[in-house]
Each structure stands twice: as structure tokens, then as C-alpha cells.
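Worksheet for the structure shown next.
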Amino acid sequence: MEVEMRAELYEFLLENKYCHGIMFKKSMETFVEHYNMVGLVEEESLMRAFQRWRKMMKEEKNR
Numbered sequence: 011m012e013v014e015m016r017a018e019l020y021e022f023l024l025e026n027k028y029c030h031g032i033m034f035k036k037s038m039e040t041f042v043e044h045y046n047m048v049g050l051v052e053e054e055s056l057m058r059a060f061q062r063w064r065k066m067m068k069e070e071k072n073r
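Counting from 11, one number per residue, gives the positions in the sequence shown under my numbering.
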């Protein structure tokens, strides 16, 4: 997945969660459907990458 698309996905997930109260899983499904990636990428893989990124951001913030 391209860096720009990954950044857009992460921004989409965070905005939906904290501004609209939409769960990450539902937002992930919506994003994948919007970009016609159903069957091309595993949502679980994207979610794991997102969680790793969030953990890394939190650790950098706490330094």
C-alpha cells in the first residue's frame, strides 16, 4: 500500500473514531470498499499495521 494511501487511511480511522464515534473496524470496512480493495487487501493486516503505527506514535510522544 502506498505511503499516501496509508496516511489517508490512518487519518480517516482517527477522524471517524474521535470526531464521529465510528469504530475502527467499521471505518476500515468503509475505506476498503470506497477504494474497491475488497479481496485485494486483508483488513486485519491493515488494522495490525495501524495499531503498530499508533503504538509507535504514542512511544515517540512520551519520550
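We put the CB at the ideal spot given by N, CA and C, even for glycine.
As the structure is a prediction and not an experimental result, all values here were calculated from the model.
Exercise for the section: Drop a sphere of 10 angstroms on the beta-carbon of L23, count the other beta-carbons inside from all chains shown, and report buried for 16 or more, exposed for fewer. Expected result: buried
Exercise for the section: Have a look at M67, H30 and L56 and flag the residue whose alpha-carbon is nearest the alpha-carbon of V42. Expected result: L56
Problem - Buried versus exposed call for M38 [16 or more other C-beta atoms within 10 Å across all chains shown] - result: M38 should be labelled buried.
Practice task
Out of V48, G49, K71 and M67, point me to the one whose CA is closest to Y20's CA.
Solution key: M67
Handout entry: Alpha-carbon spacing of G49 relative to E70, whole angstroms
Key = 34 angstroms
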